[in-house]
Amino acid sequence: MAGVASTGLTGIGVILQVSDGESPDTWATVANVTQLSVGGATLNLVDATHLNSPDYFSERKPGLKVSSDWTGTIQWDPTDATTGSATGLASFLEARTRETFRLNAFALGITTGLECDAYVSELGNIEVTPEGLMTRSFTLAPDGKVREVLLSA
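When the count follows the numbering used here, it moves up by one through the sequence shown with no breaks and lands on 177 for the last residue.
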């Protein structure tokens, strides 16, 4: 039986970017990102059960949709402008500012990206091992809907 070849792509070349907030946007690539998880959503369900619900089952109604957190890992470099405490992820957390982030896979020929306005809600512990690069996890909490956007070179 003949199989079907994978059309999946590896992640090398995908970048996380942050906007400078100007119009038009200028995007800075967040340095040393090694892992990302982005783009999910959850539909909250409201309990609509009442004392005479059919067949003794609970009932639900759709409520608000919530964009899932964007999580990732960076190779820790406190001097880098996109991750450090002066102008990067650490500064966004400290200042409690909402920033615009996007997932950009244009280098892979993918012309649609994901974009969201988000808060840096967590910077994890710095992981240190004898023979590995130091790493740090981060969490971006989207404020509103994650948007599909067209990318260009």
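Just so you know, even glycine gets a beta-carbon here, dropped at the ideal spot from N, CA and C. It should be emphasised that the depicted structure is a prediction, and the values quoted were computed from it without experimental measurement.
Coarse secondary structure for residue i, derived from DSSP in three states
i: residue 109; result: coil
i: residue 151; result: strand
i: residue 48; result: coil
i: residue 79; result: helix
i: residue 34; result: coil
i: residue 70; result: strand
i: residue 175; result: coil
i: residue 85; result: strand
i: residue 54; result: coil
i: residue 40; result: strand
Cβ separation of residue i and residue j, assumed to be a contact under 8 Å, to the nearest whole Å
i: residue 178; j: residue 126; result: Past the edges of the chain, shown from 25 to 177, lies residue 178, and the structure says nothing about it.
i: residue 165; j: residue 142; result: 6 Å
i: residue 58; j: residue 159; result: 7 Å
i: residue 40; j: residue 96; result: 7 Å
i: residue 170; j: residue 91; result: 5 Å
i: residue 98; j: residue 68; result: At roughly 31 Å, the Cβ-Cβ gap does not stay under 8 Å, so residue 98 and residue 68 are not in contact.
i: residue 38; j: residue 132; result: 7 Å
Residue i - partner residues in DSSP beta bridges
i: residue 65; result: 91
i: residue 60; result: 96
i: residue 164; result: 94 and 144
Own chain partners of residue i with C-beta closer than 7 Å, once the 5 adjacent residues on each side are dropped
i: residue 105; result: 111 and 112
i: residue 157; result: 99
Residues near residue i in its chain [Cβ-Cβ closer than 8 Å; skip 5 each side]
i: residue 108; result: 101, 102, 114 and 115
i: residue 123; result: 42, 43, 45, 116, 141, 142, 143 and 144
i: residue 51; result: 41, 42, 43, 44, 126 and 128
Contacts around residue i, its chain only, beta-carbon distance under 6 Å, and the 5 residues preceding and following it disregarded
i: residue 94; result: 62 and 164
i: residue 85; result: 70 and 72
i: residue 148; result: 160 and 161
i: residue 66; result: 90
### Query
What are the complete beta strand (DSSP E) segments, minimum 3 residues, inside the segment 88-145?
Considered as a whole, the segment 88-145 harbours 94-99 and 122-128 as its complete beta strand (DSSP E) runs of no fewer than 3 residues, in chain order.
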